[in-house]
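With the UniProt record's numbering, the residue at position 296 of the sequence shown is 296, and numbering never jumps. Notes for the one structure printed next.
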Amino acid sequence: MDVRSELSRATLFQNLELLAHQIVEGFISGIHKSPFHGFSAEFAEHKIYNPGQSTKHIDWKLFARTDRLYTKRFEDETNLRCHMILDNSASMYYPEVKEYSLDNLNKIGFGVLSIAALMQVLKKQRDAVGLSIYSNTYDFHASEKNSERHYQMLYSKLNEVASHTPKTKETKTYTFLHQIAEKIHRRSLIFLFTDMFQTETEEDKLFEALRHLKYNKHSVVLFHLLDKEHELYFEFDDTPKRFVDVETGEQIDLYADSIKKAYSQKVLEYQNDLKLKCAQYQIKYVGVDVRSDFSQVLNSFMIERQKFG
């Protein structure tokens, strides 16, 4: 990563809270395209009405505008505890991006902005948020709080992550997921942002670590971040290329077309295994292309927030 790239990234993320606010506002303005059609900026202060509930707190003015029933959410109901986990390993900095923008991000940039946007919603709802970041070490942990000072500290930490290139290479995701699980004591909604790549191919250990995140009746959502064009479909022009493993430094020279079919098949098999394990452990799996917008992440949050009781 050259100096120009670091400066470009720092410029984009220099006011992370404002950027996150713009993402959330953009999502709300386009919400008619989502399953939450008509549910505008009020979504943070309301919850969907379920048949059988008392009609006492239905917001009839919102019903008149949206033709949907929502009840007002009161302060004693906005006590969600949410913990964000961010994979900060070297592979998360793929692809290399020279000019960062909301339409041109790598995995770490997408993860940072997704967490920042979710924090905007949680802050509005007066909910408590915590954050864990790992690479080849357990880099950072902050337990769930909802104070303004706490939120600003988390934004600062996310900006630090987004603005610097990692110096470390290898990582063992499963090791740190176990450690993080042990630190989250009270029932929480957990969001994990990772590409699920690790130096050692010990899938059973990785899947068991995912299961550990559920142990205290937590609800877990795995956002599986990939640059699908390259990492899933292996779309490269058919000229000789040197591929370098960013975590181990290993290199191989080849024509992309010569292994494209076999490579994609292996990645899809791994992805399907991961989906099956998540289903088995009752973990919500969300496959995310970092070249897409943030609506999938925010929609998933809204759905899981409503389920979390």
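Cβ coordinates follow ideal geometry from the N, Cα and C atoms, glycine included.
DSSP, reduced to helix, strand and coil, places Met84 within a strand of the structure shown. Shown here, Ile184 sits in coil according to DSSP, grouped into three states, outside any helix or strand. Counted as a single uninterrupted DSSP element, the beta strand (DSSP E) harbouring Val288 occupies residues 284-289. Nearest to Leu210 by C-alpha distance, out of Lys277, Leu158, Tyr155, Phe27, is Lys277. Here DSSP, grouped into helix, strand and coil, assigns Gln152 to helix. When DSSP states are grouped into helix, strand and coil, Leu177 belongs to the helix group. Of the residues assessed, Arg81 falls on the buried side of the cut-off, its CB having 16 or more other CB atoms within 10 angstroms.
Taking 8 Å as the upper bound for CB-CB distance, Glu17 and Tyr174 are not in contact here, some 32 Å apart. Per DSSP, reduced to three states, the secondary structure at Glu160 is helical. The C-beta distance from Leu158 to Val112 rounds to 5 Å, short enough to fall under 8 Å. Cβ-Cβ distances below 8 Å link Val24 to Ala117, Gln120, Val121, Leu298 in the same chain, with the five nearest sequence neighbours on each side left out; the list follows chain order. A distance below 8 Å separates the beta carbons of Val290 and Asn106.
Assignment of Gln53 by DSSP, reduced to helix, strand and coil, places it in the coil class. In the assembly as shown, Lys261 is an exposed residue. Its beta-carbon has fewer than 16 other beta-carbons within 10 Å.
Going by DSSP, Val24 is part of the alpha helix (DSSP H) stretching over 16-29. Cβ contact annotation for Phe308 (same chain, cutoff 6 Å, sequence separation greater than five): Leu189, Ser219, in chain order. Restricting attention to His83, Thr66, Thr71, the CA atom closest to the CA of Gln53 is found in Thr71. Residue environment for His185: exposed (fewer than 16 other C-beta atoms within 10 angstroms of its C-beta). Within the segment 106-154, the alpha helix (DSSP H) runs of at least 4 residues that lie entirely inside it are, in chain order, 107-124. A Cβ-Cβ contact shorter than 8 Å links Tyr285 with Leu274.
At the C-beta level, Ile283 and Lys214 come within 8 Å of one another. Judged by beta-carbon spacing, Ser29 lies beyond the 8 Å limit of Phe197, meaning their Cβ atoms are not closer than that value.
The bridge partners DSSP lists for Tyr70 are Ile48. With a beta-carbon spacing of about 13 Å, Phe27 and Ser292 fall beyond the 8 Å limit used to define contacts. Relative to Ile58, the option among Pro51, Leu69, Arg65, Asn146 whose CA is nearest is Leu69. A distance below 6 Å between beta-carbons, with the five flanking residues on each side excluded, links Tyr134 to the following residues of its chain, in chain order: Phe176. Listed in chain order, the non-local C-beta contacts of Leu12 below 6 Å within the same chain comprise Tyr100, local neighbours out to five positions each way being set aside. Look at Ser91 here: in three-state DSSP terms it is helix.
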